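Single-structure report; data block below.
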Amino acid sequence: MEPWWAESGSTLTLKKIMKKLFTIDDFMVAFISALGYGFGYTIPMYLGWTQPACIAVCFALGITLEELISRIVFSKTVQQKTVNRVFTYVAILLIFLIAEFVSRHLLGTSLIEDLEEEFAWVVGLPIVGFLVNLCIRGYRVRKICKLYGDGSEGYVFDVTDRDIEEVNQRNRAVHGEYDVECAVRTRNGIYVGKKYKETRIFWGIPYAKSPVGELRWKAPEPLPASETVFEAKSFGASAIQVEHKGSIIRHHRQSEDCLYLNIATGDEKTEAKKPVLVLFHHGDFTYGGSVDPLLYGEDYVNANQDVVLVSFNYRLGIFGFIDFSEVPGGEACPDTLNLGLLDQIAALKWIRENIGAFGGDPERITVLGFESGATCICLLAASEQARGLFRRAFVFDGSPESACDTPDASRALAKALLKETNTSTMAELLHLDTEALKDAVQRLWMSMCTPTCDGKLIPKQVYEAYRNGAASGIEFIVGITGGGMQVIRSSVGSKNYKDAVKAAVDDLQGDIDGSVAEAMRAYIKAQTLTSSELEAKSELYGQWTALGIYRVAAKLSQGGNKVHLMYWDEKALIENLGSGTADVLATLLGNSEALQMYGSVMNADLSEMLRALLLKFVSGDALQLYRNEISGFDGLDWEAFPQALIVEDGKLACDTIEDRITEVKGLLDYMLK
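With the sequence shown counted from 1, adding 58 to any position gets you our numbering.
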């Protein structure tokens, strides 16, 4: 019989969820802490102090020594070289032996004998705490497995009415007194946020004028200067979007008035400016938003006070990527082809102009995006209008090749929108209410478009632009997942999965050379001898996408950019959910509760290592982890492309990954035959 923490159908085992209890460094910290607690109680007791006073000194001295010895033992200086660690341990041992000698000869007593009981408590308590955490983790795994079953229905969010009500609160103008400690003055107004542990958070700050009324389908316009005081305690509305069953954003209010951002910054105000991390949400250009719990940055900033974190919304679907040039009157809206990208540029400009007020350094902005968010970053890196708006980029599971639609496809979407809304001119479209357009979005979701490489905002040949230095000066981390299309099913649900795979493969075949497309169809047919057509298409598309992302790293490297490659091949807790965006993003930001909502449990050790590397990246430091810089970890030197950081089975390793993109290599071999 399996133990209760290894649920039937779960890939989680006791070995995977157990942390290493002690390393030699952990033992040293626990040992010195035990001395502190013991001394802190025993010495005042000898002096005749009252018991409450003895207990107070016990905790004060124990906690102080634990903090002090942790800083020493886990410092870069000590951890960088083995000889430094040995010297430190010898020095600590000598100090203890000297204290024992002094105690025997001056006090007539032995520290070891007197502290025997205290040692038992102090060393025993961490073990008890570990077992309690193991039970809590097991309970969470059981709850997740019960909610998700085999995961075939994709993401199933256990959201309460109270959660929905809370997340849909709105900000208001402030009249009268307000908390000046949580207030920040920007060019466009004074925003009053709120505190979360050691972090100040500001939700729902507008970064451009509301794109409503006469500004519907217009490029974002800057906000006017203002001295008005506003709340910044609730998220701004999400963009109008496709409401997939597997999208948590469908529980949040949607509006055309969606151009808002959120900021998390450390509570302590310092003179030194901090690096800034800007999150681009995912969602296939048709859904998603910054209210997604995966993007909450409060816990990350709370643990890493030296970073300012920003997330934001941008227009999606028919509001962000469409072409009205052939619609009568469409010349009044000339920028609709890539409005979502223009929103992103506007957000980055606002951040650059105002982030200093929140403690951020406008010269050290790093952008991080997954899937469609990563694609957008890849495109902006080649755009002249976005030049200089960010210095570093972490792009995961997205590439310029995902922006595969042409103006023809965007014009076809405009015609379909006219038909769905029973309109014929731009004026009629501009007079439709939001609900009518929202209904059309749900019916047209299979026809939605990606950004278009129009030759104006985005070069028609992005890779050529990379080679010509368009992205020069930007350092990249390019990430690939081994999960393929499985994660897409988690979002769109099983009902729509077959259509989504068919549309993806059809679009791919339509965008590549005819002979290659024909070879691809023959290859898929050959694979159906051992698997279903759906499985063959899904695996091929996932691997083709992975190869495309690998090409991003290669092209950027050829263009002179400093590039690091990352390959995520962790196994999912629930196999049918796959392990992709949710797992990687939550692990990078330390959002354990959010990941539980998405049907998985975060590996705390892995998260600690990746968060440390992310902090080094945004700070401009070398991507290295010294031995035991993370307790119990042997160290890592993440070299540039073509070496890759491979995340697998809860461990990190560096190696090449060409051999892992097997299906696409098989297709290429098939074509050569």
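Glycine residues also receive a C-beta, built at the ideal position from the N, C-alpha and C atoms. Computed from a prediction, not measured in an experiment: that's the story for all the values here.
Go ahead and pull the three-state DSSP assignment for residue i.
i: A241; result: strand
i: L205; result: helix
i: H489; result: helix
i: Y358; result: helix
i: T323; result: strand
i: E706; result: strand
i: E666; result: helix
i: F343; result: coil
i: F80; result: Low confidence applies here, because F80 scores a pLDDT of 45, under 50, leaving its location unreliable; read the following figure in that light. F80 falls in the coil class under three-state DSSP.
i: I423; result: strand
i: D713; result: strand
i: Y318; result: strand
i: Y254; result: strand
i: Q519; result: coil
i: L672; result: helix
i: K734; result: Outside the shown range of the chain, which is 59 to 731, sits residue 734, and nothing can be said about it.
i: R274; result: coil
i: R718; result: helix
i: L281; result: coil
i: L502; result: coil
i: G527; result: coil
i: F338; result: strand
i: K514; result: coil
Assuming residue i is part of the alpha helix (DSSP H), what are its boundary residues?
i: C436; result: S430 to A439
i: D216; result: Unbroken run through D216: none, as it is neither H nor E.
i: P465; result: P465 to T479
i: K267; result: Looking at the DSSP string, K267 is not in any alpha helix (DSSP H), and its letter there is neither H nor E.
i: E20; result: What the structure shows of the chain is the stretch from 59 to 731, and residue 20 is not part of that stretch, so it cannot be assessed.
i: L647; result: T639 to L647
i: R450; result: It is not in any alpha helix (DSSP H) - R450 instead sits in the beta strand (DSSP E) that spans R450 to F454.
i: F379; result: Taken as a continuous stretch (DSSP letters only), F379 belongs to no alpha helix (DSSP H), as it is neither H nor E.
i: L399; result: L397 to N412
i: M660; result: First-last for M660: undefined, no H or E at that position.
Could you say which of the options lies nearest to residue i if we only look at CA atoms?
i: S161; options: T108, R200 and Y104; result: Y104
i: I306; options: P278, L515 and G341; result: G341
i: N246; options: Y608, V238 and K267; result: K267
i: V359; options: G678, A670, T218 and R685; result: A670
i: Q402; options: G427, F382 and E285; result: G427
i: E666; options: G693, M655 and Q654; result: G693
i: D627; options: V705, G657 and C436; result: V705
i: F260; options: L319, G234 and A88; result: L319
i: P110; options: Y99, N229 and V659; result: Y99
i: G378; options: C193, L317 and N412; result: L317
i: S468; options: F382, T424, A498 and K514; result: F382
i: T394; options: R373, I409, N412 and T108; result: R373
i: Y625; options: K473, K331 and C712; result: C712
i: F689; options: D219, A662 and A680; result: A small fix is needed here, since residue 689 is Ser in this sequence, not Phe. For S689, the nearest C-alpha among the options comes from A662.
i: S313; options: V336, R274, K332 and V559; result: R274
i: D679; options: S596, R410 and T424; result: T424
i: K197; options: S430, N362, K332 and V659; result: Going by the sequence as given, residue 197 is Tyr instead of Lys. Out of S430, N362, K332 and V659, V659 has the C-alpha closest to the C-alpha of Y197.
i: L488; options: L335, L672 and P269; result: P269
i: V559; options: G540, E576, E591 and T539; result: E591
i: D208; options: L703, I715, G708 and I632; result: I632
i: C391; options: A485, T714 and A630; result: A485
i: D364; options: F370, P333 and A640; result: P333
In the DSSP assignment, the beta strand (DSSP E) including residue i goes from what residue to what residue?
i: E687; result: From DSSP, E687 is part of no beta strand (DSSP E); its letter is neither H nor E.
i: Y625; result: V621 to W626
i: V300; result: V300 -> no beta strand (DSSP E), and no H or E assigned at all.
i: W261; result: T257 to P264
i: F370; result: V366 to F370
i: G247; result: G247 to V250
i: T539; result: E533 to T539
i: E289; result: V287 to E289
Should residue i be counted as a contact of the ligand FAD given a C-beta to heavy atom distance under 7 Å?
i: A461; result: Summarising the ligand content, the structure contains no ligands, and the ligand FAD is consequently not present.
Q.
Check whether the segment 434-448 and the segment 472-483 are in contact - that is, three or more C-beta pairs closer than 8 Å.
A. In short, these stretches do not touch, since the Cβ pair count stays below three.
Q) Is the segment 210-228 close to the segment 241-258, with three or more CB pairs under 8 Å? A) The segment 210-228 vs the segment 241-258: no contact.
(Q) Quick check: the segment 412-422 against the segment 505-513, are at least 3 beta-carbon pairs closer than 8 Å? (A) Flag = no, the segment 505-513 and the segment 412-422 do not touch.
Q: Please confirm if the segment 268-286 is in contact with the segment 351-371, defined as three or more CB-CB distances below 8 Å between the two stretches.
A: When Cβ pairs closer than 8 Å are counted between the two stretches, the segment 268-286 is seen not to touch the segment 351-371, the count staying below three.
Q) Between the segment 611-625 and the segment 525-534, are three or more C-beta pairs nearer than 8 Å? A) Counting Cβ pairs under 8 Å, three or more are found: they touch.
Q) Is it true that the segment 108-124 meets the segment 90-98, where meeting means three or more beta-carbon pairs spaced less than 8 Å apart? A) Below 8 Å, enough C-beta pairs join the segment 108-124 and the segment 90-98 to call them touching: three or more.
(Q) Between the segment 697-711 and the segment 602-616, can you find at least three pairs of beta-carbon atoms closer than 8 Å? (A) Flag = yes, the segment 602-616 and the segment 697-711 touch.
Q.
Pairs of beta-carbons, one from the segment 288-300 and one from the segment 226-241, closer than 8 Å: are there three or more?
A. Three or more beta-carbon pairs drawn from the segment 288-300 and the segment 226-241 are found closer than 8 Å, and the two stretches are therefore classed as touching.
**Q.** Touch test, the segment 323-330 against the segment 219-229, Cβ-Cβ under 8 Å, three pairs minimum
**A.** The count of Cβ pairs closer than 8 Å, one atom from the segment 323-330 and one from the segment 219-229, stays below three, leaving the stretches out of contact.
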